[in-house]
Each structure stands twice: as C-alpha cells, then as structure tokens.
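Numbered as in numbering that gives the first Met the number 0, the sequence shown ends at 607 without a single skipped number.
Cβ coordinates follow ideal geometry from the N, Cα and C atoms, glycine included.
Treat the numbers as computed from the prediction; the structure is a model and nothing was measured.
Worksheet for the structure shown next.
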Amino acid sequence: MREFTNPPLTSVPPVGGLADVVFERAQENPLHISLGRKDENGQWRDVTAAEFRDEVLALAKGLLARGIRFGDRVAIMSRTRYEWTLFDFALWTIGAQVVPIYPTSSAEQCFWALYDAECSAAIVEHEDHSMTIASVIDRLPQLHQLWQLDIGAVQELYEAGAHIQDEVVHRHRTAVTPESTATIIYTSGTTGRPKGCVIPHGSFMWEADTVAEHWEPVFHSKKGDEAATLLFLPLAHVFGRMVQVAAIRCGVRFGHQPQLNAAALLPDLVAFKPTFILGVPYIFEKVFNASRRKAEKEGKGGPFEKAVEVAVKYADAVEAKAWGTGPGPSAGLRMQHQLFDKLVYSKVRAAMGGRIRNAMTGGSAMDRRLGLFFAGAGVQIYEGYGLTESTAAATANPPERTRYGTVGQPIPGVTVHIADDGEIWLYGPNIFQGYLNNQKATDETLHDGWLATGDLGSLDEDGYLTITGRKKEILVTSGGKSVSPGMLEERVRGHPLVNQCIAVGNDRPYIAALVTLDIEAVEHWLTMRGKPQMSPAELVRDADLETEVRRAVVAANTLVSQAESIRTFRILAHSFTEEHGLLTPSLKLKRKAIENAYANEVEALYQA
C-alpha cells in the first residue's frame with residue numbers, strides 16, 4: 000500500500016487559542032482538579048481549575064506590565080515543572096509566542112534560538128541557565144528581560160501586574176486565532192543548525208482534540224475513574240508539549256517530574272499514581288530491566304524469564320485473535336498467565352504506580368517483544384510516530400487493534416503517503432507552517448501542504464506504518480550495498496547490558512558497530528556472576544562481557560542479509576552524551592559527531 004487516510008473525527012476550532020480552555024474549564028467546573036503540584040516538602044497537592052485560571056491570569060497581567068505584547072517571542076529554558084505550564088498558558092493568553100530551549104543547551108545553542116527567533120525576553124530555571132545566556136548576551140540586542148524561576152520570578156510578575164484590570168488580558172486573549180503562532184520549536188539538529196518550526200494554535204488544538212477523541216479510553220485505569228498522568232517528557236520537546244495541551248483541554252489531572260531517570264521517576268509514579276503515562280521506549284526499557292535485576296537479586300531470575308515468555312506468548316495470542324489469525328490464548332497459557340500476574344506482573348505495575356493499564360510511546364522505535372511483554376503484564380503500550388513538524392503524533396496504534404512492531408495507522412484526519420524512494424510524506428491539519436527565517440528549508444520540506452519527513456517506511460494492507468530508517472542515515476558500503484542501520488542498532492540495544500549502538504560503514508567494505516554499556520546493568524551482571532567490579536577500561540577488555548555483546552550482535556544479524564550484517568564491533572568505555580555533543584536533547588545519536596569523536600576506534604574496526 001502506498002497511501003492511507005483515516006477520516007477525521009474533529010476539525011480545527013474556527014476561533015480562539017490554546018489559553019481559552021483554561022478560562023472555560025474554570026467557569027464550568029471551578030473545583031475540578033486540573034493539576035498536581037509538589038509543595039516545598041515534596042508532597043503532592045491538588046490545583047483546581049479555578050486556582051490555575053487565577054494564576055494564569057495574574058501571571059499574564061505581570062507579563063503585560065513588564066512590556067510583553069501580542070506577537071512577542073519569549074523563550075523558556077527549564078526542566079519539566081509546574082511553572083513551565085503556567086508560563087506557557089499565560090503567554091498564550093496575551094498572544095505571545097513561546098520559544099522552548101532545552102535546559103541542557105550550550106551557550107551557542109541558546110544564542111541561536113534567541114537570536115533567530117528575536118526573543119525579547121527569556122525565562123530560565125536557575126543561575127546556571129542565567130549565566131549561560133549572560134555569556135552571549137552581548138550578541139542579543141533584542142533580548143531585554145530575563146526572569147529566573149528559582150529566585151521568585153513568578154511572584155515578582157504577580158506583584159508587577161496587580162494593578163492591571165482583567166479585561167485588558169481578555170482583550171489580548173480574544174485577539175488570538177487558530178492561525179496565530181503558538182510556539183517556535185527548534186529541531187534537535189542531528190545534522191546542521193537547528194531550524195525553528197512555526198506551529199500555530201490551531202495545530203495544537205486539533206492534535207490534542209483528535210487524540211482525546213480517539214484515545215480517551217486509554218487515559219483511564221478502569222471505566223469511570225478520574226484520568227491522571229505524570230509528565231516527565233521534556234516540555235522543550237513537541238511530544239511533552241502536546242501532552243500538556245491535551246491534558247488541560249481534556250481535563251486530565253497531571254503533574255510534572257523534571258528528572259528523566261528511574262531513581263527519581265519511579266518514586267513519583269508510586270506517589271502520584273497516574274492512570275496512564277506517555278514516554279519514550281527508553282523509560283519502558285528501564286522499568287523492564289530494573290524489574291529483571293530485582294528478580295535476579297532475589298534469586299528469582301529463572302521464574303522472571305519464564306514470566307516474560309508467558310507474557311509475550313499471551314499478548315501475541317491476544318493480538319492474533321484480534322486480527323482473526325488465531326484462536327487466542329490456550330487454557331494452559333491463561334492459567335500460567337494468571338499465576339504470573341500475581342507473582343510478577345502485578346509487581347511491575349506496582350513499580351509504575353499501581354494504576355497504570357495503558358501508555359503511549361514515541362520518539363524512537365520500540366522493540367516488538369518489549370511491547371508484547373508489557374501488554375502481557377497488563378500495561379498496553381500504544382506506539383506512535385511523529386515529528387516536531389507534525390505537532391507530535393501523525394500515526395498511532397488505535398485502542399481497538401494494536402499491531403506490535405508498527406507505529407500504527409494515521410491518526411484520524413491525517414494521510415500517510417510512501418514516496419517512490421520509500422520516504423514517508425504526511426498531510427493533515429497538524430502540519431506546521433514552515434521554518435522560521437528559512438524559506439529554502441521550508442521549500443525542501445513542504446510540498447503543497449505535504450510534509451516530506453526524511454524518514455523511510457512502509458504501509459501494510461491495513462494502513463499500519465513501519466519505520467525502516469532515515470534517508471540521511473542510510474549507509475552505503477564500498478561494494479554499493481545500502482543499509483538502513485536503525486533496525487540493527489535497535490536489536491543490539493535490546494540486550495540488557497547494552498546502552499547504545501551505532502552502526503558505521505559508509506564507503507567501507509562492510510558494516511561494523513560501536514557499542515556502549517549500561518553501567519548499572521553491568522555492575523549487577525558482575526555481582527550476580529561473582530566477578531569483581533571493574534573500571535570502564537577493564538570492562539571493554541573482559542572476554543565474558545564481549546561474549547554477551549557478541550550474542551546481541553548475532554541476534555541483530557538474523558534480521559538482515561549477510562551483506563547488511565554487522566561483521567565486527569568495538570565496546571567503548573563511555574556512553575555517548577549530550578554534554579559531549581554526541582546526542583541531541585531528545586537522545587538521538589549525532590552520527591557524524593560520534594564518528595568524528597571516535598575516528599580512531601572506527602578506523603581500527605577496518606584494520607584486519
């Protein structure tokens with residue numbers, strides 16, 4: 000199949016902007032719990048619709064008092080926290096445009112976003128962010144104000160705007176239309192300088208309303224309960240931003256977690272008790288691997304692996320029945336599944352807060368087996384696909400018919416087309432308006448409303464999309480063989496000891512790989528085998544560890560022909576990090592930067 004369209008469920012609202020819903024919900028149900036917020040003692044407290052409306056209104060007044068006007072661009076540089084959402088909706092209330100900046104951005108990355116977007120003000124989280132911007136302030140003559148969250152920026156603005164009348168704010172709000180620009184999000188920039196994606200209010204509203212209309216049952220743990228989610232995705236990323244907008248528009252209670260690591264996230268999942276979550280595959284991999292290590296430490300590694308097999312077989316059988324290709328789980332399999340639900344699966348769910356029965360994921364491919372395991376363990380994960388340019392999700396697995404290993408069908412109202420060269424093209428109301436100050440890039444990407452994504456994929460007979468690679472990442476060996484590295488890398492990375500994998504081989508005789516280790520998993524692996532702990536330099540020379548990684552490579556090679564397989568690999572002592580310029584803020588590999596940084600190691604792979 001070359002093209003597939005799902006009929007729309009909703010349309011772009013004819014009037015208004017993103018902030019209107021804050022005031023409408025407070026008017027309709029002022030006591031509805033809109034958000035959860037941690038107090039100074041680390042305890043979650045409720046924020047009602049009326050309280051949130053009042054805070055947004057007060058902050059909007061302060062911004063007006065300090066000179067922010069309709070159409071001004073204001074940057075936010077912070078981790079995911081309550082104040083980000085507050086500023087987003089306050090700025091949208093007065094018609095300002097928000098420019099998110101990743102909190103880990105370098106001075107030059109900050110400079111480019113602030114300069115290119117001509118930001119007149121910026122909100123930062125702490126002193127380090129202030130110093131980062133201060134280091135380039137002499138090249139930003141248009142930047143007039145800087146507010147710092149951890150030294151009372153919100154209260155300062157509340158006080159500054161206390162004299163402004165409500166109707167002044169509402170005059171600004173009613174001037175916002177669906178065509179007005181809501182945000183300019185800079186792409187992560189795996190290659191070249193980041194480009195500012197111009198996204199209007201209407202695209203966000205349509206995207207959020209469409210997802211809510213079709214996936215609303217997914218938001219609940221059980222029928223009739225109050226939906227709640229804990230947002231830990233970066234709000235600088237379009238996925239996190241869409242979750243925020245959808246939660247406010249749909250009345251889903253949500254809280255913020257600023258640290259995307261298991262040690263900080265898991266306790267908050269237990270305390271907040273979300274009914275569903277939205278994350279990237281990395282999070283679900285971490286939950287799975289932590290559960291496996293815990294079982295092994297308790298001497299229950301064997302039963303855990305058996306439980307994994309049962310969960311995978313059970314979910315596979317359920318999927319086959321849904322598609323009419325099998326009878327469903329056998330009586331024996333159902334009995335095993337019921338047993339392991341008490342012994343294993345319930346503990347996995349408890350680690351995620353206890354109430355989660357559904358989750359959505361995107362950003363990178365999720366291994367089919369991992370998705371089947373979670374489904375078998377009672378947490379259905381709906382995988383989707385999208386870009387900044389498509390205002391997050393363009394495709395997603397529907398609630399009624401999940402097909403594991405795919406990123407689902409086009410969301411209602413979107414068309415997916417596969418071009419002759421395999422590139423994925425998208426069309427729908429969620430497509431962005433173009434790149435700020437970059438007509439050349441806009442013309443290369445947008446064609447009569449169609450978005451050329453740069454990703455490669457295929458559609459099956461039911462319109463389910465499978466991502467096969469990225470055009471710019473195709474490796475061409477010296478023998479002329481074209482290889483898409485994503486599937487190989489994903490399978491190698493599926494090994495519990497592996498953190499990252501990057502395949503190389505452009506203009507080389509064969510494909511090879513650089514592999515980094517999950518140090519926490521390796522430390523556990525050493526302990527369980529009675530081996531002494533080792534330094535990173537010692538680990539890369541350990542023969543047993545090399546054998547484990549080789550197993551992962553061999554498993555990956557079963558997916559491709561011999562000419563496309565990884566012939567050799569090298570284990571690195573340290574992981575690729577954003578701080579060293581080797582990952583984007585959304586954790587994607589910067590291939591050219593990695594190959595340059597490890598040029599000697601790559602060269603050694605081809606010295607026979």
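Could you compute how far the alpha carbon of Val244 sits from the alpha carbon of Asn599?
Within the sequence shown, the letter at position 245 stands for residue 244. Within the sequence shown, the letter at position 600 stands for residue 599. If you take the alpha carbons of Val244 and Asn599, they lie about 46 angstroms apart.
If we call anything under 8 angstroms between Cβ atoms a contact, is Leu496 one with Val553?
The count along the sequence shown starts at 1 and reaches residue 496 at position 497. The count along the sequence shown starts at 1 and reaches residue 553 at position 554. No; because the gap between Cβ atoms is not below 8 angstroms, this pair is not in contact.
Which residue from Ala235, Lys341 and Arg240 puts its Cα closest to that of Cys109?
In the sequence shown, counting from the first residue as 1, residue 109 sits at position 110. Ranking Ala235, Lys341 and Arg240 by Cα distance to Cys109 puts Ala235 first.
Under a three-way DSSP split, which group does Cys118 fall into?
Mapped onto the sequence shown, residue 118 falls at position 119. Cys118: coil per DSSP, three-state reduction.
How would you write the range of the alpha helix (DSSP H) that Thr92 sits in, first residue to last?
Taking the sequence shown and counting its residues from 1, one reaches residue 92 at position 93. Its alpha helix (DSSP H) spans residues Tyr81 to Thr92.
Helix, strand or coil for Val14? Go by DSSP, reduced to three states.
Along the sequence shown, one-based indexing puts residue 14 at 15. Val14 falls in the coil class under three-state DSSP.
So, does the segment 122–131 touch the segment 63–83, judging by three or more C-beta pairs under 8 angstroms?
Yes, since at least three Cβ pairs between the segment 122–131 and the segment 63–83 fall closer than 8 angstroms, the two stretches touch.
With DSSP run on the structure shown, which of helix, strand or coil describes Ile163?
The residue given as residue 163 occupies position 164 in the sequence shown. DSSP places Ile163 in coil when its eight states are reduced to three.
According to the neighbour-count rule (16 or more other Cβ atoms, all chains shown, within 10 Å of its Cβ), is Ser129 buried or exposed?
As a first step, residue 129 is located in the sequence shown; it is residue number 130 there, counting from the start. Ser129 is buried by the Cβ-count criterion.
Where do the ends of the beta strand (DSSP E) carrying His416 lie?
Here residue 416 refers to the residue found at position 417 of the sequence shown. Taken as a continuous stretch (DSSP letters only), the beta strand (DSSP E) holding His416 covers Thr414 to Ile417.
Helix, strand or coil, according to DSSP, for His143 in the structure here?
Numbered from its first residue, the sequence shown carries residue 143 at position 144. Looking at His143 - three-state DSSP - the assignment turns out to be coil, as it is neither helix nor strand.
Contact between the segment 197–206 and the segment 6–14 is defined here as three or more beta-carbon pairs at a separation below 8 angstroms; is this criterion met?
The segment 197–206 vs the segment 6–14: in contact.
Express the C-alpha separation of Pro280 and Asp224 in angstroms, rounding to a whole number.
Taking the first residue of the sequence shown as 1, we reach residue 224 at position 225. Taking the first residue of the sequence shown as 1, we reach residue 280 at position 281. In a straight line, the C-alpha of Asp224 is about 26 angstroms away from that of Pro280.
Given that a residue counts as buried once 16 or more other Cβ atoms are within 10 Å of its Cβ, and exposed if not, what is Lys60?
Numbered from its first residue, the sequence shown carries residue 60 at position 61. Answer is buried; the Cβ neighbour count reaches 16.
CB Phe283 to CB Gly361, shorter than 8 angstroms?
To locate residue 283, count along the sequence shown from 1; it is residue 284. To locate residue 361, count along the sequence shown from 1; it is residue 362. No, the pair does not count as a contact, with Cβ atoms beyond the cut-off.
With a Cβ-Cβ cutoff of 8 angstroms, do Gly456 and Tyr426 count as a contact?
Taking the first residue of the sequence shown as position 1, residue 456 is located at position 457. Taking the first residue of the sequence shown as position 1, residue 426 is located at position 427. Not a contact, by the Cβ cut-off of 8 angstroms.
So for Ser104, helix, strand or coil by DSSP?
The residue you call residue 104 lines up with position 105 of the sequence shown. Coil at Ser104, not helix or strand.
Are His171 and Phe69 close, meaning C-beta to C-beta below 8 angstroms?
Position 172 of the sequence shown, counting from 1, holds the residue named residue 171. Position 70 of the sequence shown, counting from 1, holds the residue named residue 69. Cβ atoms of His171 and Phe69: closer than 8 angstroms.
Following the continuous beta strand (DSSP E) through Gly35, name the residue where it begins and the one where it ends.
As a working mapping, residue 35 is identified with position 36 in the sequence shown. That run of the beta strand (DSSP E) goes Ile32 to Lys37.
When every heavy atom of the ligand FAD is checked, does at least one fall within less than 7 angstroms of the C-beta of Ile75?
Annotation note on the ligand FAD: not contained in the displayed structure, which lists no ligands.
Can you tell me which of Ala451, Lys194, Pro216 and Pro273 puts its alpha carbon nearest to the alpha carbon of Leu230?
Against the sequence shown, residue 230 aligns to sequence position 231. The option with the nearest alpha carbon to Leu230 is Pro273.
Are Gly250 and Ala314 touching if we call contact CB-CB under 8 angstroms?
For the purposes of this step, residue 250 is taken as residue 251 along the sequence shown, with counting starting at 1. For the purposes of this step, residue 314 is taken as residue 315 along the sequence shown, with counting starting at 1. No. Outside cutoff.
Can you grab the Cα-Cα spacing for the pair Arg540 / Arg569, in whole Å?
For the purposes of this step, residue 540 is taken as the residue at position 541 of the sequence shown. For the purposes of this step, residue 569 is taken as the residue at position 570 of the sequence shown. Rounded to whole angstroms, Arg540 to Arg569 spans 10 angstroms at the Cα level.
Throw me the rounded Cβ distance for the Val307 and Gln335 pair, which I believe falls under 8 angstroms.
Reading the sequence shown from its first residue, position 308 is the one you call residue 307. Reading the sequence shown from its first residue, position 336 is the one you call residue 335. Between Gln335 and Val307 the Cβ distance is about 12 angstroms, and since that is not below 8 angstroms, they are no contact.
Using the three-state DSSP reduction, which class does His255 fall into: helix, strand or coil?
In the sequence shown, the residue the question calls residue 255 occupies position 256. The answer is strand: DSSP assigns His255 an E or B state.
For Val197 versus Thr180, is the C-beta spacing smaller than 8 angstroms?
Indexing the sequence shown from 1 puts residue 197 at position 198. Indexing the sequence shown from 1 puts residue 180 at position 181. Yes.
Among Ile32, Phe3, Arg507 and Thr228, whose alpha-carbon lies nearest the alpha-carbon of Glu50?
For the purposes of this step, residue 50 is taken as residue 51 along the sequence shown, with counting starting at 1. Selected option, being the one with the closest Cα: Ile32.
I'd like to confirm the pairing. Which residues does DSSP put opposite Ser481 in its beta bridges?
Taking the sequence shown and counting its residues from 1, the one referred to as residue 481 is at position 482. Its beta-bridge partners are Val475.
Quick check: His200 and Val217, are their CB atoms within less than 8 angstroms of each other?
What you label residue 200 is simply residue 201 of the sequence shown in a count that begins at 1. What you label residue 217 is simply residue 218 of the sequence shown in a count that begins at 1. No, the Cβ-Cβ distance between His200 and Val217 is not below 8 angstroms.
Can Val311 and Phe372 be called in contact, C-beta distance under 8 angstroms?
Locating residue 311 in the sequence shown gives position 312, where the first residue counts as 1. Locating residue 372 in the sequence shown gives position 373, where the first residue counts as 1. Yes. Within cutoff.
Select from Thr452, Ala391 and Val413 the residue whose C-alpha is nearest the C-alpha of Gly421.
The sequence position of residue 421 within the sequence shown is 422, counting from 1. Nearest of Thr452, Ala391 and Val413 to Gly421, Cα basis: Thr452.
Write down the C-beta distance between Arg36 and Arg24 rounded to the nearest angstrom, noting that I regard them as a contact closer than 8 angstroms.
By 1-based counting over the sequence shown, the position of residue 36 is 37. By 1-based counting over the sequence shown, the position of residue 24 is 25. Between Arg24 and Arg36 the Cβ distance is about 17 angstroms, and since that is not below 8 angstroms, they are no contact.
Going by DSSP in three states, Trp43 sits in which element: helix, strand or coil?
By 1-based counting over the sequence shown, the position of residue 43 is 44. Correct three-state label for Trp43: strand.
Kindly indicate the opening and closing residues of the beta strand (DSSP E) around Glu295.
One-based indexing of the sequence shown puts residue 295 at position 296. Per DSSP, Glu295 belongs to no beta strand (DSSP E); it is in the alpha helix (DSSP H), Pro280 to Lys296.
Label Thr401 either buried or exposed according to how many other C-beta atoms from any shown protein chain fall within 10 Å of its C-beta, with 16 as the threshold for buried.
On the sequence shown, position 402 is the one that residue 401 refers to. Buried: at least 16 other Cβ atoms inside 10 Å.
Taking DSSP's pairing of strands, which residues face Ala227 in a bridge?
Numbered from its first residue, the sequence shown carries residue 227 at position 228. Arg252, per the DSSP bridge assignment.
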